[in-house]
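Taking it in order: structure first as structure tokens, then the write-up.
There are 2 protein chains.
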Amino acid sequence: MFVNYNLLKQKIVGRGVEKPTGGTLSGHAAGEPFDKLVNQLIKEQFPNCTYRQYEYLNFLFSKNKDAKTVQARNNLFESPTLLFLLDRGKNAVEKWSVNNLFEEKQNDTADILVTKEKKFELIDVKTRNLGKKAQAPNIISAYKLAQTCAKMIDNQDFDLFDINYFQVDWRLDEKLLVCLDAHYAELFKCPPEELYINWAAAMQIQFHVDELNQNFNNETRETWARRYLKHFTTEAKRRANYMIEEFVKPFEKYLR
Amino acid sequence: MFVNYNLLKQKIVGRGVEKPTGGTLSGHAAGEPFDKLVNQLIKEQFPNCTYRQYEYLNFLFSKNKDAKTVQARNNLFESPTLLFLLDRGKNAVEKWSVNNLFEEKQNDTADILVTKEKKFELIDVKTRNLGKKAQAPNIISAYKLAQTCAKMIDNQDFDLFDINYFQVDWRLDEKLLVCLDAHYAELFKCPPEELYINWAAAMQIQFHVDELNQNFNNETRETWARRYLKHFTTEAKRRANYMIEEFVKPFEKYLR
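Note that the protein sequences, when read in sequence, are chains A and B. Per the working numbering, the first sequence starts with residue 1, numbered consecutively. Per the working numbering, the second sequence starts with residue 1, numbered consecutively.
Okay, here's the thing in structure tokens:
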């Protein structure tokens, strides 16, 4: 972990951003200005190795102009796991050029990427409106995380990257959204069994960063990956059974 | 069916609405002004029996002030099926009063309700940006529709209500969103087996109104309901099996 989140918190608490005009203050609209502010503050900590995910891809492909095929570009990543987490679709990678750079995409894995000495910190910025009781936000696809864990095991990628979350708590004050508190949490410090999977919501893991259990300690990242895969498959089986119980059985009497 | 959709189409094609300020022109933001315009045009056809769903509930409860308990208010609906489709939560119904009216809610079943002679037409307005290739929008929860079909059969509600969709095709022209075409379709005219259920997207049925098959004819509404329940349960079983194949089996080798 590179980012000093305590320092980040000190710098952001008390800061205000302009209220986005038009529309509701829902998740994405309110989040954007804080996301940009967090990005800027992390960049102050690491001026030369902080990227948006798409910026990193543009940087990586630009400094390796000889890599022209999809295969050659895939090989630029430190590992297949990282390729899986950061890459764009095959078609987009094929079409990439210095004149056709990647742009930001809402379903990129990370908002921010800090990388040094071949290690990677993926950071996702979440925002929470203190004036409203809201459902826990989408964090990452539980299936994507399962595929990531399988690749981590296959490639023995156990200390190549971290996935961390930074949450900005804000309240509307006149025309400003003011940050009143902030929190951070590490995905791989949460006991995998504690991760809630919302199957109906695109299989997303959902949590509020400030409520995430951080008690996974004294065990290896490989154990984390295997325990997560146990959790994911158990929950998938549970959901499949639930579907039969809730969506099939009650209606059987109407079928003739 | 009360609404004359051909007339509605004639009146709306060519009309422009102001571009919502701020944010992206995504589904909900762009849809709202057209939804309001459609509402107004339907009201011109039926000045005294066109409601927003919440307006109808306020109207129904207001003219029956003696009905004060949840049970008494539930009995005001023509049938349990309609109650299921239109009602708010128990808690909200309990707290309703002329001084505490219902407001619009995004997950109400219908945008617009036309009711005459104890028949109901539920109308949902969809908008399609012709400048963008977009996924088919969420129509209704496949599970909610299954519950509706079961109640239709239980209560023999086969000609109490219709559920219809009206789609406004628009294009951005300077500062206006201009309607270039419009389409309507009836849910109960689509062969039930043709309805696509997106299990990961909150079990939503998804379609573009202009692409909806309308060939269900010469058969009863009861047949529709039973065929839909067959379709829904078949698809639920298929999805449960898919979950085991995709989300359990590939990861079993990592479990020890």
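For each residue, glycine too, the CB sits at the ideal point set by N, CA and C.
Can you tell which of the options has the C-alpha that lies nearest to the C-alpha of residue i?
{"i": "Glu174 of chain A", "options": "A:Gly14, A:Gln10, A:Lys9 and A:Glu18", "result": "A:Glu18"}
{"i": "Leu229 of chain B", "options": "B:Glu194, B:Phe251, B:Lys253 and B:Gln206", "result": "B:Glu194"}
{"i": "Leu76 of chain B", "options": "B:Cys179, B:Gly16, B:Lys118 and B:Lys151", "result": "B:Lys118"}
{"i": "Lys11 of chain B", "options": "B:Lys63, B:Lys105 and B:Gln40", "result": "B:Gln40"}
{"i": "Val3 of chain A", "options": "A:Leu82, A:Glu44 and A:Ser79", "result": "A:Glu44"}
{"i": "Asp66 of chain A", "options": "A:Glu55, A:Ser97 and A:Thr81", "result": "A:Ser97"}
{"i": "Lys151 of chain B", "options": "B:Glu235, B:Lys126, B:Phe34 and B:Pro80", "result": "B:Pro80"}
{"i": "Asn6 of chain B", "options": "B:Glu32, B:Phe34, B:Arg227 and B:Val38", "result": "B:Val38"}
{"i": "Lys9 of chain B", "options": "B:Asn107, B:Asn64, B:Val93 and B:Asp169", "result": "B:Asp169"}
{"i": "Ile139 of chain A", "options": "A:Glu186, A:Asp87 and A:Val93", "result": "A:Glu186"}
{"i": "Thr148 of chain B", "options": "B:Asn99, B:Asn74, B:Asn241 and B:Leu86", "result": "B:Leu86"}
{"i": "Asp108 of chain B", "options": "B:Thr234, B:Glu245, B:Leu255 and B:Leu82", "result": "B:Leu82"}
{"i": "Arg128 of chain B", "options": "B:Asp35, B:Glu94 and B:Leu255", "result": "B:Asp35"}
Would residue i pass as a contact of residue j if the rule is Cβ separation under 8 Å?
{"i": "Arg221 of chain B", "j": "Asp124 of chain B", "result": "no"}
{"i": "Gln53 of chain B", "j": "Ala110 of chain B", "result": "yes"}
{"i": "Phe161 of chain B", "j": "Phe120 of chain B", "result": "yes"}
{"i": "Tyr51 of chain A", "j": "Leu113 of chain A", "result": "yes"}
{"i": "Leu177 of chain A", "j": "Gly16 of chain A", "result": "yes"}
{"i": "Tyr196 of chain A", "j": "Phe188 of chain A", "result": "no"}
{"i": "Cys190 of chain A", "j": "Gln156 of chain A", "result": "no"}
{"i": "Ile163 of chain A", "j": "Leu212 of chain A", "result": "no"}
{"i": "Phe232 of chain A", "j": "Phe232 of chain B", "result": "no"}
{"i": "Lys105 of chain B", "j": "Tyr165 of chain B", "result": "no"}
{"i": "Tyr236 of chain B", "j": "Met243 of chain A", "result": "Before going further, note that residue 236 of chain B is Ala rather than Tyr in the sequence given. The answer is yes: Cβ separation under 8 Å."}
For chain A, is any of its Cβ atoms less than 8 Å away from the one on residue i?
{"i": "Glu252 of chain B", "result": "yes"}
{"i": "Lys230 of chain B", "result": "yes"}
{"i": "Leu172 of chain B", "result": "no"}
{"i": "Tyr143 of chain B", "result": "yes"}
{"i": "Ile244 of chain B", "result": "yes"}
{"i": "Thr233 of chain B", "result": "yes"}
{"i": "Ala30 of chain B", "result": "no"}
{"i": "Arg226 of chain B", "result": "yes"}
{"i": "Ala240 of chain B", "result": "yes"}
{"i": "Ala72 of chain B", "result": "no"}
{"i": "Ala150 of chain B", "result": "yes"}
{"i": "Ala146 of chain B", "result": "yes"}
Consider the Cβ of residue i: report whether some Cβ of chain B lies at a distance smaller than 8 Å.
{"i": "Ala110 of chain A", "result": "no"}
{"i": "Arg221 of chain A", "result": "no"}
{"i": "Leu255 of chain A", "result": "yes"}
{"i": "Met1 of chain A", "result": "no"}
{"i": "Ile153 of chain A", "result": "yes"}
{"i": "Val93 of chain A", "result": "no"}
{"i": "Arg15 of chain A", "result": "no"}
{"i": "Lys237 of chain A", "result": "yes"}
{"i": "Ala202 of chain A", "result": "yes"}
{"i": "Phe216 of chain A", "result": "no"}
{"i": "Val248 of chain A", "result": "yes"}
{"i": "Ala134 of chain A", "result": "no"}
{"i": "Ala67 of chain A", "result": "no"}
{"i": "Ala182 of chain A", "result": "no"}
Counting only the same chain and skipping the five closest in sequence on each side, list residues whose C-beta sits under 7 Å from that of residue i.
{"i": "Asp210 of chain B", "result": "Gln167 and His183"}
{"i": "Glu78 of chain B", "result": "Lys118 and Leu160"}
{"i": "Arg171 of chain B", "result": "Leu130, Gly131, Val178 and Leu180"}
{"i": "Arg239 of chain B", "result": "Trp199"}
{"i": "Cys49 of chain A", "result": "Val114, Thr115 and Lys116"}
{"i": "Asn64 of chain A", "result": "Leu76"}
In chain order, what residues of the same chain lie with their CB nearer than 8 Å to the CB of residue i, ignoring the 5 residues before and after it?
{"i": "Val13 of chain A", "result": "Cys179, Leu180, Asp181 and Ala182"}
{"i": "Phe46 of chain B", "result": "Phe2, Val3, Val114 and Lys116"}
{"i": "Pro20 of chain A", "result": "Ala29, Ala30, Glu32 and Pro33"}
{"i": "Glu103 of chain B", "result": "Tyr54"}
Looking only at its chain, what residues have a beta carbon closer than 6 Å to the beta carbon of residue i, apart from the 5 residues adjacent to it on each side?
{"i": "Gly89 of chain B", "result": "none"}
{"i": "Ile153 of chain B", "result": "Ala225"}
{"i": "Arg227 of chain A", "result": "Pro192"}
{"i": "Asn74 of chain B", "result": "Leu83"}
Taking contact to mean 3 or more Cβ pairs, one atom from each stretch, closer than 8 Å, check whether the segment 41-61 of chain A and the segment 203-210 of chain A are in contact. no
Are the segment 68-77 of chain B and the segment 127-144 of chain B touching, with three or more C-beta to C-beta distances below 8 Å? no
Any contact of the segment 245-256 of chain B with the segment 210-219 of chain B, i.e. 3+ C-beta pairs under 8 Å? no
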